[in-house]
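Undergrad: Could you have a look at this structure, given as structure tokens, before my questions?
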Amino acid sequence: MGELSTDIIKNALKKLIVRTNVSVGSDVYAAILEKYSKSSDRKYAQILKNLSIARKTNRPICQDTGVCIFFIEIGREFPLCSFDIKRIVEESVSEAYKENHFRKSMAENIFERVNTGDNTPPVIYIDIVEGNSIKFSLEVKGGGSENVSAIKMMPPSAGEEGVFEFIKETLSNAKDKGCPPYIIGVGLGGTLEKAAMLSKKALTLHLDSEKNDFEKKIEDALKDFDILGVRVLDYPTHIASMAVSVNLCCHCSRHGGVEIFSDGEVRFCDDFDYEMMEEVEIPSDDIVELNTYQCDEIKKLSKGTHVLLSGEIYTARDMAHKRMFDSLNRGEELPFDLKNKIIFYAGPCPNAPGEVIGPVGPTTSARMDKYLDMCEKQEVLATIGKGARGVESGLVYFTTTGGVACLLQQCIKKSELVAYGDLGPEAIYRLEVENFPVVVS
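If you're matching positions, the sequence shown starts at 8 in my numbering and goes up one per residue.
Right, dumping it as structure tokens:
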């Protein structure tokens with residue numbers, strides 16, 4: 008302990024940001040472990056193995072190191088006068104993401120999508136409470152699960168059953184686009200924006216803390232869905248309204264907290280120091296091994312076939328597809344020939360010293376559906392992503408497990424920038440892969 012300073016707050020926040028990105032709390036790990044013990048699905052073994060690699064290498068669980076959302080509770084007796092809390096939080100995010108080679112995913116100008124370059128600004132909610140400390144609860148939220156979340160203004164007459172049905176509808180629409188098994192945050196009451204905030208804050212609550220009766224009812228209603236748990240927060244509301252927000256979070260729920268007292272004492276609020284399984288074997292039966300140049304064999308693969316791919320693939324996601332689309336419409340040549348190529352919908356983390364590439368994994372494929380016609384005309388062989396496509400296509404479609412970025416990183420032996428370097432994580436890279444796990448979908 009010592010005299011409270013900006014450096015004490017900033018160092019604590021930077022440590023929290025790193026801890027939250029490279030590990031999950033003991034509550035989330037226990038829930039995943041329980042799923043693994045009851046299922047033969049390869050993805051649970053992949054998830055556990057990835058968590059082990061991430062901890063050992065201190066690298067992000069998922070390449071989407073997300074939006075940093077802070078819920079800050081400031082005690083009335085905490086000495087605030089000398090501190091610009093919002094500035095300290097923003098600087099902490101910027102420095103932590105740059106120093107640790109985390110992906111920067113924040114874009115300004117909604118339509119031009121210009122990357123801010125340091126993952127700022129964070130989203131910040133501040134509340135004043137009793138006490139002499141300041142508590143930061145952090146949720147690192149990726150785009151895949153955020154995009155399948157939903158909010159609805161319901162009539163009070165909808166009751167509990169209406170809430171259950173809306174959650175089921177949200178999960179059914181999400182399918183596997185947001186990296187299940189999901190953790191569900193539910194916000195009830197207040198106004199539209201209050202319910203949305205509550206559903207996000209609910210994701211910072213521990214899965215293993217005591218559940219209320221309504222949370223138990225929801226979990227019972229969702230027993231046929233692939234979930235890890237449900238947390239609910241509510242707020243008084245207008246007599247004519249019932250706002251319901253369902254915020255889905257991927258299996259690698261990244262949340263943590265730190266409390267800093269007026270005398271400089273720092274206390275981290277989550278358990279990241281538990282024991283993990285030392286050896287996790289990923290089932291290897293019924294897997295086909297193919298090279299990416301074996302075009303005819305790849306085209307003949309049947310749905311559900313597990314494949315280990317070796318050879319050459321290319322990363323390209325939202326903005327890269329838009330640039331190629333616009334170039335073709337202007338009659339320009341593309342930066343590389345798409346014929347018989349495999350496109351991996353991915354945006355990796357920057358590589359740390361000694362890495363070929365940073366942690367990398369799939370993004371939601373449906374966002375690229377608009378460009379499938381372009382890809383077919385350019386004779387692309389296949390695409391790799393996550394989640395169901397929204398349209399039919401003549402291309403082979405592979406999926407790979409989301410949220411296992413360190414595991415997939417180990418399959419990549421070479422990486423070379425091909426085009427659009429100014430797009431940062433959305434640039435096009437040529438990757439040489441070895442035994443890269445995919446499934447025909």
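Here a beta-carbon is modelled for each residue, glycine too, at the ideal position from N, C-alpha and C. From a predicted model like this one, the values you see are computed outputs, not experimental measurements.
(1) So C267 and T299 are supposed to be a Cβ contact under 8 Å. How far apart are they, rounded?
(2) Leaving out five residues before and five after V411 in sequence, what residues of the same chain have Cβ atoms less than 7 Å from its Cβ?
(3) Do P188 and I234 have their beta-carbon atoms positioned less than 7 Å apart in this structure?
(4) Kindly confirm or deny that the segment 63-79 and the segment 98-111 touch, where touching means at least three C-beta pairs closer than 8 Å.
(5) Buried or exposed for G401, please, with buried defined as at least 16 other CB atoms from any protein chain shown within 10 angstroms of its CB.
(6) Note down, in chain order, each residue of its chain lying with its Cβ closer than 6 Å to the Cβ of L23, except the 5 sequence neighbours on either side.
(7) Quick test of the definition: if touching needs 3 or more C-beta pairs under 8 Å, does the segment 235-245 touch the segment 195-209?
(8) Y427 and G392 look like a contact to me (Cβ under 8 Å); what is the Cβ gap, rounded to whole Å?
(9) Scan the segment 11-36 and note each continuous alpha helix (DSSP H) run of 4 residues or more that stays entirely inside, going in chain order.
(10) What residue ranges within the segment 287-315 form continuous alpha helix (DSSP H) runs of no fewer than 4 residues, ordered along the chain?
(11) So for L199, helix, strand or coil by DSSP?
(12) Should the segment 141-159 be regarded as contacting the segment 176-187, the criterion being three or more beta carbon pairs within less than 8 Å?
(13) My output table needs one value for K346: the three-state DSSP class, helix, strand or coil.
(14) Can you grab the Cα-Cα spacing for the pair A395 / I95, in whole Å?
(15) Can you give, in chain order, each stretch of the beta strand (DSSP E) that sits fully within the segment 34-120 and has at least 3 residues?
(16) Hey, quick one: how far does the beta strand (DSSP E) through S140 stretch, first residue to last?
(17) Specify, as a first and last residue, the run of the alpha helix (DSSP H) that R261 falls within.
(18) Ignore the nearest five residues each way along the sequence and tell me which others in V387's own chain have a CB closer than 7 Å to its CB.
(19) Where does F275 fall in DSSP's three states?
(20) Less than 7 Å between the C-beta atoms of S317 and L11, yes or no?
(21) I want to know whether the segment 30-42 touches the segment 276-292 - three or more CB-CB distances under 8 Å.
TA: Looking at the atomic coordinates:
(1) Translated into the one-based positions of the sequence shown, residue 267 becomes position 260. Translated into the one-based positions of the sequence shown, residue 299 becomes position 292. Here residue 267 is Ile; the residue named in the question, Cys, does not match the sequence. In this structure I267 is not in contact with T299, their Cβ atoms being roughly 51 Å apart against a cut-off of 8 Å.
(2) For the purposes of this step, residue 411 is taken as the residue at position 404 of the sequence shown. Sequence-distant Cβ neighbours of V411 in its own chain, meaning closer than 7 Å and more than five residues away, are Q53, I54, N57 and G368.
(3) The sequence position of residue 234 within the sequence shown is 227, counting from 1. The sequence position of residue 188 within the sequence shown is 181, counting from 1. At the C-beta level, I234 and P188 come within 7 Å of one another.
(4) With the cut-off at 8 Å, the segment 63-79 and the segment 98-111 touch.
(5) Against the sequence shown, residue 401 aligns to sequence position 394. Around the Cβ of G401, a 10 Å sphere holds fewer than 16 other Cβ atoms; the residue is exposed.
(6) For the purposes of this step, residue 23 is taken as the residue at position 16 of the sequence shown. Hits under 6 Å: L145, G263 and V265.
(7) Because the criterion of three Cβ pairs below 8 Å is met, the segment 235-245 and the segment 195-209 touch.
(8) Position 420 of the sequence shown holds residue 427. Position 385 of the sequence shown holds residue 392. At roughly 19 Å, the Cβ-Cβ gap does not stay under 8 Å, so Y427 and G392 are not in contact.
(9) As for any alpha helix (DSSP H) of minimum length 4 sitting wholly inside the segment 11-36, the runs are 13-29, ordered along the chain.
(10) The segment 287-315 contains these whole alpha helix (DSSP H) runs: 302-306.
(11) The residue you call residue 199 lines up with position 192 of the sequence shown. In the displayed model, L199 falls within a helix according to three-state DSSP.
(12) Yes, since at least three Cβ pairs between the segment 141-159 and the segment 176-187 fall closer than 8 Å, the two stretches touch.
(13) Working through the sequence shown from its first residue, we reach residue 346 at position 339. K346 falls in the coil class under three-state DSSP.
(14) Position 388 of the sequence shown, counted from the start, is the residue given in the question as residue 395. Position 88 of the sequence shown, counted from the start, is the residue given in the question as residue 95. Whole-angstrom Cα-Cα distance: 40 Å.
(15) Listed in chain order, they are 74-82.
(16) The sequence position of residue 140 within the sequence shown is 133, counting from 1. Segment S140 to K148, the beta strand (DSSP E) holding S140.
(17) On the sequence shown, residue 261 is found 254 positions in, with the first residue counted as 1. Counting along the chain, R261 falls outside any alpha helix (DSSP H), though it belongs to the beta strand (DSSP E) covering R261 to F268.
(18) Against the sequence shown, residue 387 aligns to sequence position 380. The residues L345, K348, I350 and L402, in chain order, have a CB closer than 7 Å to that of V387 in the same chain once the five nearest residues on each side in sequence are set aside.
(19) Taking the first residue of the sequence shown as position 1, residue 275 is located at position 268. Three-state result, F275: strand.
(20) Position 310 of the sequence shown holds residue 317. Position 4 of the sequence shown holds residue 11. Going by C-beta atoms, S317 is not nearer than 7 Å to L11.
(21) The segment 30-42 vs the segment 276-292: in contact.
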